[in-house]
Amino acid sequence: MTATAAAESEASYRVEYERLPEPWWMPWLFWAWVAIAVPYVPWRIYATNWANWSGPLLLACELFAIMLAALFLGTAQQIHMPIHRPTDLTRWVVDCLIPTHLEPADVIECTVIAALKVHGIREVIVLANFERPEVRAVCERLRVRYLPRGSNEHAKAGNLNVGLAYSDAPFLLHLDADYIVRPEILQRVMGWFDDPTMAFVQGPQTYYNHDSFVFRTFRRIRAGWSEQTMFYQVIQPSKNRWNAACFVGSCAVMRRAALDSIGGFATGTVTEDIHTSLRIHAKGWSSVYTNEPVAYGMEAPSFKEFYTQRRRWAAGAATIGFRSPDSPLRIPGLTLMQRINYFNSIITHAQGPLRAAFTFAPMLCLLTFAVPIHINVVWFIVVSLGFAAYSAALGWIYSRGAMHFIHNEAYLYANHPGMSMGMAGLFKVRREFVSSRKTGKRTERTWVRWYLWLLATAMLATGGYGLTLILAGNRSTAVLLATVFIVMNEFFLLWFLIPLIRYEHRGRHAPPPEYHTLTGEDRYRYVMRFYDGRYVMPSGIMVDRPVKTSRIRPGRRPGWVETRVFTYEPGKSGSLEPETATAT
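Set out below in structure tokens:
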């Protein structure tokens, strides 16, 4: 093939996807849910007691929950993964941008060391808001460029835009300051840029500090579940179908021309990542998400940091969705399904006020004997909880094995203060960017922790009061409904709080994890062992032994998942291939 023919072939190339095969009945489960929801909604409106405050409030909450379920089930029906395209790295010029703020110098050092080892990287540029002598010393020792801009204007987005001005590379690898990148990342993703419409390739945010309280045991695997497993294992891959996979702030390679077409990284919000990808898609560019782990970062080390980060996400989502001219509800250039996907990503942060209402309303109903419905309580419980149970079961099936119902619910209850406070972005554009701190004490004090314990105490008291009334013979609708929901809420909240206590206790008395004692090359080698000598699950979770785990697909009947056993062949990079594929 001549060079001209090769160029023409590349110009006509478009990323090809593999639709993961799934049972024929998967879509029909969704349409059955729709068929049930259509008559259920007017029945639920009819059952509402409009004579007091509790009826309309709980109805609004339930309708909002149904909308969230419809958005997830409607957009996640199919999983599409890109088919790898080999490439010659000598064809590409790629620089690496590492924005920093107040991260420790030893954390930044390890990130830079990893970036320098990436095959095909031309230059590594460390960006900073202000001069930090210890970071400059690291950069000079490792011979990378250090660019302190002397300002915090536009926060992380402003930092990245300065980097754009100092780099002329047509492609940019974006890494947060704590992400240790795989050396073969460009070999894995650059082939997709033969598609001239491809703006960015996004990888999952995978973490190596599995001692964080964000991880939980799942399928007998320690740290087999995290709060973000569903997003990176199901939601992002499903967005490939609609060309709506979003930029998540790190672990991405971006085309310079796409960024230039929107004036650089988006400013004006504290979530520059999704805002930037929203503008890029509105300009007609494409994106792709790959679930292959390409870099490893650090999750929140304390509940205080967890709360701060989730509040920022919610504030940015509220600002983009309802105050920004770039709202997916009105920005021109998006397809209908892109609008729905972006709206789904934004509105999910409104679950904070929803959970707060579901938490406080039962307690207030019990204390005031307010009755939210005017029909027989048994009939209401059978119909309403039956529909909720089917919705939850369908959500579990569509999660392709990534969902743990109790863990998910517990973290939603723990997350509701941050998401609720973040909803202040509906009324005021939040421009202050609070970077994620990756080191610190597990026991950092925060008012949210005390709030959750006070809430658990209030639930215990009101739940006990409700049980006392029932045992005394008061089995009215208000008492029965309120007590049932209070007990459920208490269970989910304690499911989060009790492990948090153990986590903080270990932080006071146990020695620090091994990675805390390592710096530079030693930490880099430690993290790379998670890939080169361990087993990688599809969600990016690393374990020490072969395990059977879902491959993002359901099995032959509800409750079953096909599995793959991933094995490692020493000396062969990327040798994690399926050995078996069995169901149970």
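For the sequence shown, our numbering gives the first residue as 198, with consecutive numbering after it. Using N, Cα and C, we set each Cβ at its ideal position, and we do this for glycine too. Owing to the predicted nature of the structure, the values given are computational and were not obtained by experimental measurement.
Our two residues, Y429 and Q402, have alpha carbons roughly 8 Å apart in a direct line. Look at F462 here: in three-state DSSP terms it is coil, with no helix or strand label. Taking every protein chain shown into account, the CB of F500 has 16 or more other CB atoms within 10 angstroms, so this residue is buried. For S474, the uninterrupted alpha helix (DSSP H) segment begins and ends at 469 to 479.
In the three-state reduction of the DSSP assignment, S588 falls in the helix class, which pools H, G and I. With contacts defined by Cβ atoms closer than 9 Å, R288 and Y210 do not form a contacting pair. C-alpha of Y504 to C-alpha of P614: approximately 8 Å in a straight line. Burial is judged here by how many other beta carbons sit within 10 angstroms of a residue's own beta carbon; Y243 has fewer than 16 and is exposed. About 6 Å separates the CB atoms of W510 and T468; that is less than 8 Å, so the two are in contact. When C-alpha distances from I295 are compared across R338, F584, N356, the shortest belongs to N356. Rounded to the nearest angstrom, the gap between the Cα atoms of L383 and F368 is 10 Å. If you look at R509, you'll find it in the alpha helix (DSSP H) that goes 500 to 519.
Counting the other Cβ atoms within 10 Å of the Cβ of S617 gives 16 or more, which makes it buried.
In this structure the segment 434 to 448 does not lie against the segment 599 to 615, because fewer than three pairs of beta carbons, one per stretch, are closer than 8 Å. Along the segment 388 to 416, the beta strand (DSSP E) occurs as fully enclosed runs of 3 or more residues at 395 to 399, 412 to 415, listed in sequence order. Going by DSSP, P236 is part of the alpha helix (DSSP H) stretching over 223 to 244. Contact check for A449 and A354: beta-carbon distance about 14 Å, past the 8 Å limit, so the pair fails to qualify. A direct Cα-Cα distance of roughly 55 Å separates T245 from P708. Ranked by Cα distance from L691, the options L563, Y610, R453, V645 are led by Y610. The C-alpha of P239 lies about 16 Å from the C-alpha of L254.
With respect to the 9 Å criterion, H351 and S447 are not classified as neighbours on the basis of their beta carbons. Shown here for N612: same chain residues with a beta carbon closer than 6 Å to its own, the five before and five after excluded, namely R507 in chain order. Going by DSSP, I280 is part of no alpha helix (DSSP H) at all; its letter is neither H nor E.
Under the three-state reduction of DSSP output, V450 falls in the strand class. In the three-state DSSP reduction, D365 falls in the coil class, being neither helix nor strand.
The three-state reading of DSSP puts C562 in helix, counting H, G and I together. Membership of G494 in the beta strand (DSSP E) is indicated by the continuous run 492 to 494. Between M395 and S483 a beta carbon distance of about 5 Å is seen, short of the 8 Å cut, so the two are scored as contacting.
Residue state for C258 is assigned as helix, using DSSP reduced to three classes. Counting only the Cα atoms, P559 lies some 54 Å from D392. Contact between L475 and P525 holds: CB atoms are separated by about 6 Å, below the 8 Å threshold.
For H702, the three-state secondary structure derived from DSSP is helix.
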